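Engineer: In terms of our numbering, the sequence shown opens at residue 31 and continues consecutively.
Ideal Cβ placement from N, Cα and C applies to all residues, glycine included.
Being a predicted model, the structure only gives us computed values, none of them experimental.
The structure follows.
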Amino acid sequence: MALQPAADANNPDCAEIIVRLPDEIAGEDRRSVNAQSTAAWGDPVSVLLRCGLEPVEVSTLPCVSASEIDWLVDDANAPSYRFISFATAPATEVIIDSSRLAGVTVLEQLAGSVGVLEPTKRCTEITN
């Protein structure tokens, strides 16, 4: 599957995340991808992940917390929701097709890999 890598995809911290990613998320199998520091699950694809984004520490987007990781939520393309890890360097982006999978389930299953990066701070306001 063809994906675009993020600007800082060659960051060694992204490799730490990628090697820990699960082979399956919520019953969806991981797919082969062609771009560094990216991953995808499902056929058709229901989850996309990219590591290497610019860290975000200030945003007007709502913030949710799943398994002790804060995520900014961009619903501009709902039912595909874009989640960006908050205050981690580099940031990780996860795009979830909510018509196929529950966002919180996916984020919780990714916590073991994305959680290897310590955030520099937490969201001040968490949305349910």
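(1) Let me check understanding here. Comparing Cα to Cα, which of Arg-130, Ala-70, Pro-120 and Cys-153 lies closest to Ala-37?
(2) DSSP state of Gly-228, grouped into three classes?
(3) Might you give, ordered along the chain, the residues of its own chain that have their beta carbon closer than 6 Å to the beta carbon of Met-31, omitting 5 neighbours on each side?
(4) Per DSSP, which one or two residues make a beta bridge with Ser-95?
(5) How many angstroms separate the CA atom of Ala-132 from the CA atom of Val-94?
(6) Could you give the residue range of the beta strand (DSSP E) that holds Val-63?
(7) Give me whichever residues DSSP pairs with Ala-121 in a beta bridge.
(8) Can you give the Cα-Cα distance for Asn-107 and Pro-42, rounded to whole angstroms?
(9) Considering just the uninterrupted stretch of the beta strand (DSSP E) at Ile-114, what are its terminal residues?
(10) Tell me, please, which residues DSSP counts as bridged to Ala-70.
(11) Roughly how many whole angstroms lie between the Cα atoms of Pro-35 and Glu-155?
(12) What are the residues that DSSP puts in a beta bridge with Ile-55?
Structural biologist: According to the data block:
(1) The residue given as residue 37 occupies position 7 in the sequence shown. Nearest of Arg-130, Ala-70, Pro-120 and Cys-153 to Ala-37, Cα basis: Pro-120.
(2) Within the shown structure, residues of the chain are numbered from 31 to 158, placing residue 228 beyond reach of any answer.
(3) Counted from its first residue, the sequence shown places residue 31 at position 1. Excluding its 5 nearest sequence neighbours in each direction, Met-31 has C-beta neighbours in its own chain below 6 Å: Arg-61, Val-63 and Ala-70, listed in chain order.
(4) For the purposes of this step, residue 95 is taken as residue 65 along the sequence shown, with counting starting at 1. For Ser-95, the beta-bridge partners assigned by DSSP are Asp-100.
(5) In the sequence shown, residue 132 corresponds to position 102, counting from 1. In the sequence shown, residue 94 corresponds to position 64, counting from 1. Rounded to the nearest angstrom, the two C-alpha atoms are 13 Å apart.
(6) Numbered from its first residue, the sequence shown carries residue 63 at position 33. Per DSSP, Val-63 is not a residue of any beta strand (DSSP E), being assigned neither H nor E.
(7) Sequence index remark: in the sequence shown, residue 121 carries index 91 (1-based). According to the DSSP secondary-structure assignment, Ala-121 is paired through a beta bridge with Leu-83.
(8) Here residue 107 corresponds to residue number 77 of the sequence shown, with the count starting at 1. Here residue 42 corresponds to residue number 12 of the sequence shown, with the count starting at 1. A straight-line Cα-Cα distance of about 30 Å links Asn-107 and Pro-42.
(9) Counting from one through the sequence shown, the residue named residue 114 turns up at place 84. Start and end: 110-115.
(10) Taking the first residue of the sequence shown as 1, we reach residue 70 at position 40. Listed as beta-bridge partners of Ala-70 by DSSP are Arg-61 and Leu-78.
(11) Reading the sequence shown from its first residue, position 5 is the one you call residue 35. Reading the sequence shown from its first residue, position 125 is the one you call residue 155. Those two C-alpha atoms are separated by around 30 Å.
(12) Taking the sequence shown and counting its residues from 1, one reaches residue 55 at position 25. Note: Ile-55 sits in a beta bridge opposite Glu-58.
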